[in-house]
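Below is one structure, written out as C-alpha cells, with a few remarks after it.
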Amino acid sequence: MTETQSIEQIEAEIVDEFSLFENWDDKYEYIIDLGKKLPPLTEEHKKDENKVKGCQSTVWLVADYKDGKIFYQADSDAIIVKGLISMLIRVLSGHTPDEILNAKMDFINKIGMTSHLAQTRSNGLLAMVKQMKNYALAFKALNQ
C-alpha cells in the first residue's frame, strides 16, 4: 500500500516538473498535455449546476466524498483550462476536507502561473480553487 502524499509534497513535485522547462511555450505545452490526459467527464455531469462560476471558458467540476476524502472530476471546453484543472485535481483530490481547506496552493505562484496567465484565466483559476474549497467546506459540514 502506498502512502498518500501530502498536498505540499504534490505541490513541490509540480514546481519541480515546471522547473525543467526553460520557457513558457514549453510550460504551456506541458499544461495542454496534462489536459489531454484528464479523463472526460460524463455527459450527465455536464450541466449548469456543475459549472464553475467566474471562468471565461466552461468548466464543469464535481466532487465525491468517500471514506473521509474528497475526489474531484472535471472537464472544460478549453484545452489549457483542462490542463489547469487537472493540476488542481492532482493536488487536492484524495484528501480530507480539512487538508483541502488548509491548502495554501503556493505552487500556482511558484511556477509563475499567475503572472503568465491572462487576467481572465487567472481569475478563472482562482474560481476553480474556490469551488474546490467550497465542496470541501460543504462535505465537512455534512459529515461532522
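Terminal number for the sequence shown in the working numbering: 158, no gaps in between. Backbone N, C-alpha and C fix where the C-beta goes; we use that ideal spot for every residue, glycine too.
Rounded to the nearest angstrom, the gap between the Cα atoms of T134 and E31 is 25 Å. Three or more Cβ pairs closer than 8 Å define a contact, and the region 50-69 falls short of that threshold against the region 121-129. Counting C-beta pairs with one atom in each stretch, the region 143-150 and the region 102-116 have three or more that are closer than 8 Å, which means they touch. A Cβ-Cβ separation of about 13 Å leaves V76 out of contact with S90 under the 8 Å criterion.
Taking each of I94, A26, T110, K80 in turn and checking the Cα distance to W38, the smallest one comes out for I94.
When DSSP states are grouped into helix, strand and coil, L106 belongs to the helix group. Separation of T110 and D40 (C-alpha to C-alpha, rounded to the nearest whole angstrom) is 33 Å. Within the DSSP secondary-structure output, S90 pairs in a beta bridge with V73.
In this chain, the alpha helix (DSSP H) harbouring T128 covers 127-130. In the structure shown, F35 adopts coil according to DSSP, grouped into three states. In the three-state scheme derived from DSSP, where H, G and I count as helix and E and B as strand, D78 is classed as strand.
Beta-carbon to beta-carbon, I21 and V105 are separated by about 6 Å, close enough to satisfy the 8 Å threshold.
Here DSSP, grouped into helix, strand and coil, assigns K118 to coil. With respect to the C-alpha of M142, the residue from K83, N64, I28, K51 having the closest C-alpha is N64.
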